[in-house]
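Chemist: Residue numbers (our numbering): 3 to 627.
Glycine included, each C-beta is placed from N, C-alpha and C at the ideal position.
Below is one structure. I have some questions about it.
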C-alpha cells in the first residue's frame, strides 16, 4: 500500500502535503514525492528515494510555492525503490502529474500500445503507464482532463486510487478509486485528499468517501462533484469523522506500536461499551440483533480475512462452533477470491479487516454478494469500504492503528467475535445462562486484566535481550491458543525480521522437533485448558533436546514453570478469552526484540533489500540495517 495526499485551497499546499505524508508514512516509506502547480503556471515534481524526511531535504532551496498539489509516499510494487520509480509521475509532455495507490494488472499491454504511439518511459512502474495513457486519450480525443481519466480507467484492469493535476489548469484535481481507499475532506473553499482520514482530521471533520469506480472533480471555489466512470452524477454523502488529533500522536511513547499495545485496556472498554450490561446478563450487537434471523437460519458461516485478521477469524471459528454449534470455515481472502468456492444463499460470510479497505477482502465480499450470501463486516474504520459494502456489521472501536504491526485491532476483533458468538448462542439456546454470564463478566473484567499483564513489560524487556540474536523461533499453542501462536510468530516476523513459525503443539513432532536445539527458542503457550497436560509434555520433549523454552503460563503454575528457561505469568480468564490475554505479552516480546535489533518497528514490510543487507544479516550485530 501507498499513501496519497492532495490539497486545493487558499493556503500554501507544500506544508500541508508534507504533514499529510508524515501521517501516512506507515503506508509506505521507500520513496516520497510531491507535485505542485506554481503561481507562474509551471508544474514541478520533486521526489526522492527514502522517507519523507529525505524528500524535505531534496526540496530545500526549491520553489515549493503554490496552492494546489499532490504528494505520495511509496511502498514499492512495480520497480525498485529509487528516484525514477518514486511518485508523482509526469506525462510525456510534462503537462500532467499523477500519484497512484494500487496495481494496474494490464500495464504491460498498455505500455506496449503506447510505445507504438511513440511514448517513452522513464520508470519501471505501472503508474507511469497510466498517466501516459491519460495524456494520450486527452490529446487524441481533444477532451478535458476528467473525461480523459474516465476513458483511461475504462481500459484499466486492477486496483487504483489516483489523483491527477494539470499544468494548464491550476484550479483542478481529478481523483478516482477502485479497490483502494480515497477520502476527501471539505472545509469552506479548501479540499483535502488522502488515502485515509489521518492527514485530514487536523483540518476538518467533514469528509466524503469515494466508492469504487467513482471520480471526484475538485475545482477551486466550486462544490465537490462526484461522477461515475460513465459520467453519471453521484450524490454526496458527507460523513463526520469521530477520531481526534491526539489519537494520531505518540503521546510520549517511543513508537506507535508500544502506544497501541498500552491502549488495549481502554480499547477493550470502547469495544464493549453499551454492548454488555454491567451484570453480564445481556449482550447486544445491533448489527446481529437486526438480522438475527439470518444467523439462526445459517447453514454455515465463512470467515474471510488476511494476516492478523485471519488469525482472529480462527479464534472466531472456535468460538462460534463451540458456543453456537454452527459450522465455520476460515478462508484467506486472497485465496477465496481466486477460486470458485461453494457459497449458498443460507451461508453467512463474515469479513474481518482493521482498515476496512483490504483489497482481497473487498473482492471476497463482492464474490459472496454475487452468490446471494448474507455478508457481515467487522472492521475498525468508520465509513470504510467494507462498512459500506456489507449487509450489516460491527465496528471494533479501537481507534486509529498507526503502527503497521496490528495489535489492538486483533484484540478488538476477538472481543467482537466473542460477543457475536454469545449473542447468537443465547438466541439459539446452545449455551446455558450461567456459562454465558461467566464469559460476559470476564469480558467486562478484561481491561483490568490487561492492565495487570502490561505491568510485565519491564520483565519481558529484560529477558528479550537474550534472544536478540536468534535466527529462528517456534511458537506453540493448542485449542484457542493455536491462532495466538500464529499471531505471536507473525508479530516477530513483521517487526524484527526473524523467521518464526506458529504450530499446533501436537504437530511439533511432525517436522519441527527435528530443528530443536539450543539456538532456536520455543515460545509455548501453556495456560489452563483441557489440553494443558499434553502441552506440558510437548515442553518436556523440547527440553530433552536441549531447546530453550519461554512459556506463557497461569499465575502460580509451578509444573510448567519448572520446565521453563523463562516464563511469563498471566491472569486466568475464561478459556475462550485467553488469546486476548496471551497476545499482549507476545506483542511486547516481539516489540522489545525488534527494538534490541535496532529495527524501526513502526515501519515494516520492506520489499527490497540490498545484497549487502542480506550478507550483513548473518553477522551477530544488534543493528543490522
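1) Measuring CB to CB, does residue 7 end up less than 8 Å from residue 243?
2) With three or more C-beta pairs closer than 8 Å as the rule, is the segment 367 to 380 touching the segment 342 to 352?
3) Leaving out the 5 sequence neighbours to the left and right, which residues in its chain are closer than 8 Å to residue 153 when beta-carbon positions are compared?
4) With DSSP run on the structure shown, which of helix, strand or coil describes residue 362?
5) Determine the contact status of residue 414 and residue 273, defining contact as a CB-CB distance below 8 Å.
6) Starting from residue 227, trace the beta strand (DSSP E) in both directions and tell me its first and last residue.
7) Does DSSP put residue 334 in a helix, in a strand, or in coil?
8) Starting from residue 428 and walking both ways along the alpha helix (DSSP H), at which residues does that stretch end?
9) Where residue 622 and residue 313 are concerned, what is the direct C-alpha to C-alpha distance, given to the nearest angstrom?
10) Return the chain-ordered list of same chain residues with a C-beta closer than 8 Å to the C-beta of residue 262, the five sequence neighbours on each side being excluded.
11) Going by other Cβ atoms of all chains shown within 10 Å of its Cβ, with 16 needed for buried, is residue 225 buried or exposed?
12) Where does the unbroken alpha helix (DSSP H) through residue 264 begin, and where does it stop?
13) Should residue 356 go down as buried or exposed, given a rule of 16 or more other Cβ atoms within 10 Å for buried?
14) Please classify residue 208: does DSSP put it in a helix, a strand, or coil?
15) Residue 188 to residue 418, Cα distance in whole Å?
16) Over what stretch of residues does the beta strand (DSSP E) that includes residue 51 continue unbroken?
17) I'd like the list of long-range same chain contacts for residue 624, defined as Cβ closer than 7 Å, with 5 residues on each side in sequence excluded.
18) Considering Cα atoms alone, identify which of 71, 107 and 108 is closest to residue 90.
19) So residue 533 packs on residue 481, CB below 8 Å; how close in whole Å?
20) Determine contact between the segment 300 to 320 and the segment 452 to 472, defined as no fewer than three beta-carbon pairs at a distance below 8 Å.
21) For residue 608, collect the residues of the same chain with a Cβ closer than 6 Å to its Cβ; drop the 5 residues on either side in sequence, then sort them by chain order.
22) Count the other CB atoms, across all protein chains shown, that sit within 10 Å of the CB of residue 113; report buried if there are 16 or more and exposed otherwise.
23) If you follow the beta strand (DSSP E) that residue 349 is in, where does it begin and where does it stop?
24) Once you ignore the five residues that flank residue 33 on each side, which residues in its own chain have a CB closer than 6 Å to its CB?
25) In its own chain, which residues sit with a C-beta less than 7 Å from the C-beta of residue 493, not counting the 5 before and 5 after it?
26) Secondary structure at residue 322, three-state DSSP: helix, strand or coil?
27) Following the continuous alpha helix (DSSP H) through residue 200, name the residue where it begins and the one where it ends.
28) Per the DSSP calculation, residue 302 is bridged to which residue(s)?
29) Please state whether the Cβ-Cβ distance between residue 456 and residue 197 is less than 8 Å.
30) With 16 other CB atoms within 10 Å as the buried threshold, where does residue 484 fall?
31) Is the segment 314 to 327 touching the segment 336 to 345, taking contact as three or more C-beta pairs under 8 Å?
32) With 16 as the cutoff for other CB atoms within 10 Å, does residue 535 come out buried or exposed?
33) Looking at residue 69: is its Cβ nearer than 8 Å to the Cβ of residue 14?
34) Tell me the rounded alpha-carbon separation between residue 240 and residue 289.
35) In whole angstroms, what is the alpha-carbon distance linking residue 602 and residue 497?
Modeler: This is what the structure holds:
1) Counted from its first residue, the chain shown places residue 7 at position 5. Counted from its first residue, the chain shown places residue 243 at position 241. Not a contact, by the Cβ cut-off of 8 Å.
2) yes
3) Locating residue 153 in the chain shown gives position 151, where the first residue counts as 1. Contacts found: 139, 143 and 145.
4) Within the chain shown, the letter at position 360 stands for residue 362. Looking at residue 362 - three-state DSSP - the assignment turns out to be helix.
5) For this step, residue 414 is matched to residue 412 along the chain shown. For this step, residue 273 is matched to residue 271 along the chain shown. In contact: residue 414 and residue 273 (Cβ atoms closer than 8 Å).
6) As a position in the chain shown, residue 227 is number 225, starting the count at 1. Start and end: 227 to 230.
7) In the chain shown, residue 334 corresponds to position 332, counting from 1. Strand.
8) For the purposes of this step, residue 428 is identified with residue 426 of the chain shown, where counting begins at 1. Here the alpha helix (DSSP H) through residue 428 covers 410 to 430.
9) Taking the chain shown and counting its residues from 1, the one referred to as residue 622 is at position 620. Taking the chain shown and counting its residues from 1, the one referred to as residue 313 is at position 311. Low local confidence applies: a pLDDT of 30 at residue 622 is under 50, so the model's placement there is unreliable, with the coordinate-based value given in what follows. Roughly 32 Å between the two C-alpha positions.
10) By 1-based counting over the chain shown, the position of residue 262 is 260. Same-chain partners within the cutoff: 403, 404, 405, 409 and 410.
11) Looking up residue 225 in the chain shown gives position 223. Label assigned to residue 225: exposed.
12) For the purposes of this step, residue 264 is taken as residue 262 along the chain shown, with counting starting at 1. 258 to 264 is the extent of the alpha helix (DSSP H) around residue 264.
13) The residue labelled residue 356 in the question sits at position 354 within the chain shown. With 16 or more Cβ atoms within 10 Å of its Cβ, residue 356 is classed as buried.
14) As a working note, residue 208 is residue 206 in the chain shown. Note: residue 208 maps to strand in three-state DSSP.
15) By one-based count along the chain shown, residue 188 stands at place 186. By one-based count along the chain shown, residue 418 stands at place 416. In a straight line, the C-alpha of residue 188 is about 32 Å away from that of residue 418.
16) The sequence position of residue 51 within the chain shown is 49, counting from 1. Segment 45 to 51, the beta strand (DSSP E) holding residue 51.
17) Counting from 1 along the chain shown, the entry for residue 624 is found at position 622. Its pLDDT being 27, under 50, residue 624 is placed unreliably by the model, and the measurement read from it follows with that caveat. Hits under 7 Å: 470, 598, 599 and 600.
18) In the chain shown, residue 90 corresponds to position 88, counting from 1. Per the Cα distances, 71.
19) As a position in the chain shown, residue 533 is number 531, starting the count at 1. As a position in the chain shown, residue 481 is number 479, starting the count at 1. Their Cβ separation, rounded to whole angstroms, is 6 Å, which keeps residue 533 and residue 481 in contact under 8 Å.
20) Flag = no, the segment 300 to 320 and the segment 452 to 472 do not touch.
21) For the purposes of this step, residue 608 is taken as residue 606 along the chain shown, with counting starting at 1. Bear in mind that a pLDDT of 43 at residue 608, under 50, signals an unreliable position, so the number given afterwards is only what the model happens to contain. Cβ within range, chain order: n/a, list empty.
22) For this step, residue 113 is matched to residue 111 along the chain shown. It counts as buried.
23) For the purposes of this step, residue 349 is taken as residue 347 along the chain shown, with counting starting at 1. Start and end: 349 to 355.
24) On the chain shown, position 31 is the one that residue 33 refers to. Closer than 6 Å at the Cβ level, and outside the excluded window around residue 33, lie 51, 76, 83 and 88.
25) Taking the first residue of the chain shown as 1, we reach residue 493 at position 491. Contacts found: 407, 588, 589 and 592.
26) Reading the chain shown from its first residue, position 320 is the one you call residue 322. Note: residue 322 maps to helix in three-state DSSP.
27) Residue mapping note: residue 200 aligns to position 198 of the chain shown, counting from 1. Segment: none, residue 200 is in no alpha helix (DSSP H) and carries neither H nor E.
28) Taking the chain shown and counting its residues from 1, the one referred to as residue 302 is at position 300. Per DSSP, 349.
29) Start at 1 with the first residue of the chain shown, and residue 456 comes out as number 454. Start at 1 with the first residue of the chain shown, and residue 197 comes out as number 195. No. Outside cutoff.
30) Within the chain shown, the letter at position 482 stands for residue 484. Per the 10 Å Cβ criterion, buried.
31) no
32) To locate residue 535, count along the chain shown from 1; it is residue 533. With fewer than 16 Cβ atoms within 10 Å of its Cβ, residue 535 is classed as exposed.
33) Locating residue 69 in the chain shown gives position 67, where the first residue counts as 1. Locating residue 14 in the chain shown gives position 12, where the first residue counts as 1. Yes, the Cβ-Cβ distance between residue 69 and residue 14 is below 8 Å.
34) Within the chain shown, numbered from 1, the residue matching residue 240 stands at position 238. Within the chain shown, numbered from 1, the residue matching residue 289 stands at position 287. Cα atoms of residue 240 and residue 289: separation of roughly 22 Å, rounded to the nearest angstrom.
35) Taking the first residue of the chain shown as position 1, residue 602 is located at position 600. Taking the first residue of the chain shown as position 1, residue 497 is located at position 495. Rounded to whole angstroms, residue 602 to residue 497 spans 8 Å at the Cα level.
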